[in-house]
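Below is one structure, written out as structure tokens; the observations come after it.
Number of protein chains: 2
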Amino acid sequence: MEKLTIIKVGGKVVEEEASLHQLLEDFSKLPGKKILVHGGGRSATAMASKLGVDTKMVNGRRITDLEMLKVVTMVYGGLVNKNIVAGLQANNCNAIGLTGADMNVIQAVKRPVVDIDYGYAGDVTGVNAVGLKNLLDQGVTPVMAPLTHNQKGSMLNTNADTIASEVAIALSEFFDTELVFCFEKNGVLEDADNDNSVIPVLTPENYEEYKSKEVIKDGMIPKLDNGFAALKKGVSSIRIVNSGTFIQPGSGTTLKL
Amino acid sequence: MEKLTIIKVGGKVVEEEASLHQLLEDFSKLPGKKILVHGGGRSATAMASKLGVDTKMVNGRRITDLEMLKVVTMVYGGLVNKNIVAGLQANNCNAIGLTGADMNVIQAVKRPVVDIDYGYAGDVTGVNAVGLKNLLDQGVTPVMAPLTHNQKGSMLNTNADTIASEVAIALSEFFDTELVFCFEKNGVLEDADNDNSVIPVLTPENYEEYKSKEVIKDGMIPKLDNGFAALKKGVSSIRIVNSGTFIQPGSGTTLKL
Numbered sequence: 000m001e002k003l004t005i006i007k008v009g010g011k012v013v014e015e016e017a018s019l020h021q022l023l024e025d026f027s028k029l030p031g032k033k034i035l036v037h038g039g040g041r042s043a044t045a046m047a048s049k050l051g052v053d054t055k056m057v058n059g060r061r062i063t064d065l066e067m068l069k070v071v072t073m074v075y076g077g078l079v080n081k082n083i084v085a086g087l088q089a090n091n092c093n094a095i096g097l098t099g100a101d102m103n104v105i106q107a108v109k110r111p112v113v114d115i116d117y118g119y120a121g122d123v124t125g126v127n128a129v130g131l132k133n134l135l136d137q138g139v140t141p142v143m144a145p146l147t148h149n150q151k152g153s154m155l156n157t158n159a160d161t162i163a164s165e166v167a168i169a170l171s172e173f174f175d176t177e178l179v180f181c182f183e184k185n186g187v188l189e190d191a192d193n194d195n196s197v198i199p200v201l202t203p204e205n206y207e208e209y210k211s212k213e214v215i216k217d218g219m220i221p222k223l224d225n226g227f228a229a230l231k232k233g234v235s236s237i238r239i240v241n242s243g244t245f246i247q248p249g250s251g252t253t254l255k256l
Numbered sequence: 000m001e002k003l004t005i006i007k008v009g010g011k012v013v014e015e016e017a018s019l020h021q022l023l024e025d026f027s028k029l030p031g032k033k034i035l036v037h038g039g040g041r042s043a044t045a046m047a048s049k050l051g052v053d054t055k056m057v058n059g060r061r062i063t064d065l066e067m068l069k070v071v072t073m074v075y076g077g078l079v080n081k082n083i084v085a086g087l088q089a090n091n092c093n094a095i096g097l098t099g100a101d102m103n104v105i106q107a108v109k110r111p112v113v114d115i116d117y118g119y120a121g122d123v124t125g126v127n128a129v130g131l132k133n134l135l136d137q138g139v140t141p142v143m144a145p146l147t148h149n150q151k152g153s154m155l156n157t158n159a160d161t162i163a164s165e166v167a168i169a170l171s172e173f174f175d176t177e178l179v180f181c182f183e184k185n186g187v188l189e190d191a192d193n194d195n196s197v198i199p200v201l202t203p204e205n206y207e208e209y210k211s212k213e214v215i216k217d218g219m220i221p222k223l224d225n226g227f228a229a230l231k232k233g234v235s236s237i238r239i240v241n242s243g244t245f246i247q248p249g250s251g252t253t254l255k256l
């Protein structure tokens with residue numbers, strides 16, 4: 000199967016001019032078919048604050064009321080997404096910005112209220128893999144904002160990691176898919192204070208060991224659980240890496256079954 | 000040649016819930032290949048005001064400094080565009096939102112400063128007709144925001160009428176193209192105060208007469224001049240019509256050479 004690389008970058012990298020510039024240059028140089036999935040939470044919080052809309056977070060997730068939905072639709076779908084798309088075009092990468100509503104590429108439902116009402120937060124129910132494949136086959140590079148829709152006319156705020164994973168799983172039907180999560184550290188670290196202590200390979204076995212020793216804990220656990228789940232659903236390889244070095248094959252921590 | 004309908008709707012229609020709802024329903028029912036081009040100026044002005052960004056207009060055109068560029072990129076490319084796309088998807092119309100940067104569909108240059116510095120305003124230099132045709136051939140309906148890019152990484156604020164005309168001219172190579180400008184009146188009126196006085200057909204000849212009698216004047220003149228210019232460049236037919244009745248073939252004022 001042909002190779003596909005999906006790069007997920009967090010908010011901070013795409014929201015600061017210097018790191019965004021480097022990212023766009025590096026991403027444009029990646030050979031072969033590729034997709035960029037971006038966040039934008041810091042910009043959304045800053046914009047909400049300017050507009051007098053309160054930001055409420057529970058368990059690290061944003062509560063998205065109707066006013067906040069307008070903010071994230073503007074900021075993720077407009078400001079951040081188009082800034083990236085225009086920047087990639089300047090680097091001769093033929094990008095197209097997409098939310099889940101565009102070409103109905105990602106369908107979702109408003110998250111059911113159990114203990115917490117997250118408001119207009121989307122839980123992904125389906126990915127239009129054929130539509131994305133058609134774009135990729137035309138030499139177009141999707142740039143995906145963390146927004147989906149409910150197929151009833153409403154946009155939904157959706158976690159960017161989830162979008163990256165679901166898209167990777169769906170496209171594994173057609174491509175040998177590598178999913179790369181970029182963040183600020185060099186990978187999964189043995190010692191949080193030592194950026195040179197990258198664990199090069201994580202398997203389900205040593206992952207359990209690291210967890211039992213509390214070397215890996217907190218926010219890293221759901222990220223890695225999602226990663227292993229995606230591998231089981233057909234994604235070929237997953238890497239967790241610094242956004243400055245993702246372009247080097249094998250850099251960071253590679254998850255393997 | 001196969002028929003293509005391009006509908007341009009102004010800000011007010013897409014910015015009010017009731018008229019937007021009707022528009023999306025009507026537009027979804029239009030048979031055949033189609034494109035929607037939208038404005039959003041009122042929302043941009045309102046958002047700018049909330050953010051403390053001054054709106055300056057000269058000759059009916061917005062002066063777009065860097066802060067205003069951020070506002071229009073958010074509002075046109077995010078809020079208004081995605082609201083329309085999600086609404087069309089709910090009406091089973093497979094829409095995709097596009098700015099000029101997406102798939103490089105519209106290239107532009109920053110308007111040269113002659114007497115007035117319009118800032119980050121785009122003058123269209125090219126349309127990627129093949130890219131748009133590929134989407135249309137896949138059954139996808141482009142929804143175009145009034146934004147282009149300079150191919151150097153910057154978005155540019157661009158008049159929606161201009162985008163509609165330039166796209167119609169470029170796609171006339173492949174399609175029998177009808178361009179429909181929707182606005183608040185029933186068409187070009189003989190008597191501005193009588194909405195039943197629609198001029199059904201305008202030709203270059205009677206257009207000159209109406210102008211010399213000052214029946215047609217002011218802001219209508221550049222709109223009609225652009226319309227006749229587009230006809231000369233290959234667009235099959237142009238209509239100016241009320242946004243509530245555009246779906247009825249032949250309603251409003253039809254321009255003919």
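So the sequences go chain by chain: G and W.
Note that the first sequence covers residues 0 to 256 in numbering that gives the first Met the number 0.
Note that the second sequence covers residues 0 to 256 in numbering that gives the first Met the number 0.
No residue lacks a Cβ here, since even glycine has one placed at the ideal position from N, Cα and C.
Note that the structure is a prediction, hence the values are computed from the model and not measured.
Range of the contiguous alpha helix (DSSP H) that encloses residue i
| i | result |
| --- | --- |
| residue 185(W) | Note, residue 185(W): premise wrong, no alpha helix (DSSP H); not H, not E. |
| residue 205(W) | 203-211 |
| residue 72(G) | 65-73 |
| residue 93(W) | From DSSP, residue 93(W) is part of no alpha helix (DSSP H); its letter is neither H nor E. |
| residue 225(G) | 219-231 |
| residue 42(G) | 40-49 |
Start-to-end residues for the beta strand (DSSP E) that takes in residue i
| i | result |
| --- | --- |
| residue 18(W) | Looking at the DSSP string, residue 18(W) is not in any beta strand (DSSP E); the run it does join, the alpha helix (DSSP H), is 16-28. |
| residue 238(G) | 236-241 |
| residue 191(G) | Premise fails: residue 191(G) is in no beta strand (DSSP E) and is neither H nor E. |
| residue 5(W) | 2-8 |
| residue 62(G) | It is not in any beta strand (DSSP E) - residue 62(G) carries neither H nor E in the DSSP assignment. |
| residue 252(W) | 252-254 |
| residue 281(G) | Because chain G spans 0 through 256 in this model, residue 281(G) falls outside it and cannot be assessed. |
| residue 34(W) | 32-37 |
Straight-line Cα distance separating residue j from residue i
| i | j | result |
| --- | --- | --- |
| residue 103(G) | residue 151(G) | 11 Å |
| residue 113(W) | residue 119(W) | 14 Å |
| residue 86(G) | residue 254(G) | 31 Å |
| residue 27(G) | residue 240(G) | 18 Å |
| residue 43(G) | residue 217(G) | 24 Å |
| residue 22(G) | residue 181(G) | 10 Å |
| residue 183(W) | residue 242(W) | 7 Å |
| residue 37(G) | residue 55(G) | 21 Å |
| residue 203(G) | residue 178(G) | 17 Å |
| residue 205(G) | residue 62(G) | 35 Å |
| residue 228(W) | residue 29(W) | 26 Å |
| residue 230(W) | residue 238(W) | 11 Å |
| residue 9(W) | residue 122(W) | 19 Å |
| residue 53(G) | residue 46(W) | 17 Å |
| residue 41(W) | residue 67(G) | 20 Å |
| residue 219(G) | residue 111(G) | 25 Å |
| residue 221(G) | residue 187(G) | 13 Å |
Cβ shell of residue i (< 7 Å), same chain only, five flanking positions each side left out
| i | result |
| --- | --- |
| residue 24(W) | 90 |
| residue 57(W) | 115 |
| residue 176(G) | 3, 5, 167, 170, 234, 235 |
| residue 124(W) | 106, 107, 108 |
| residue 64(G) | 118 |
| residue 214(G) | 189 |
| residue 72(W) | 146, 154 |
| residue 1(W) | 32, 174, 175 |
Contact set for residue i: own chain, Cβ-Cβ below 6 Å, skip 5 residues either direction
| i | result |
| --- | --- |
| residue 98(W) | 76, 144, 146 |
| residue 69(W) | none |
| residue 12(W) | 18, 22, 242 |
| residue 256(W) | 230 |
| residue 132(W) | 173 |
Residues near residue i in its chain [Cβ-Cβ closer than 8 Å; skip 5 each side]
| i | result |
| --- | --- |
| residue 95(G) | 84, 134, 139, 140, 141, 142 |
| residue 225(G) | 160, 161, 164 |
| residue 195(G) | 185 |
| residue 60(W) | 117, 120, 158 |
| residue 48(W) | 54 |
(request) Would you mind listing the alpha helix (DSSP H) stretches within the region 116-158 of chain W that are 4+ residues and don't spill past its ends, in chain order? (result) 128-136
(request) Give, in chain order, every residue of the region 97-112 of chain W whose Cβ lies closer than 7 Å to some Cβ of chain G. (result) 98, 100, 101, 102, 103
(request) May I ask you to list, following chain order, the residues of the region 16-40 of chain G that have a beta carbon less than 7 Å from some beta carbon of chain W? (result) none
(request) Report the residues of the region 71-88 of chain G with a CB closer than 8 Å to any CB of chain W, ordered along the chain. (result) 72, 73, 74, 75, 76, 77, 78, 80, 81, 82, 84, 85, 86, 88
(request) May I ask you to list, following chain order, the residues of the region 138-154 of chain G that have a beta carbon less than 9 Å from some beta carbon of chain W? (result) 139, 142, 144, 146, 148, 149, 150, 151, 152, 153, 154
(message) Using a Cβ-Cβ cutoff of 9 Å, what residues of the region 41-56 of chain W are near chain G? List them in chain order.
(response) 46, 49, 50, 51
(request) Below 8 Å between beta carbons is the criterion; list the residues of the region 57-71 of chain W that meet it against any residue of chain G, in chain order. (result) 69
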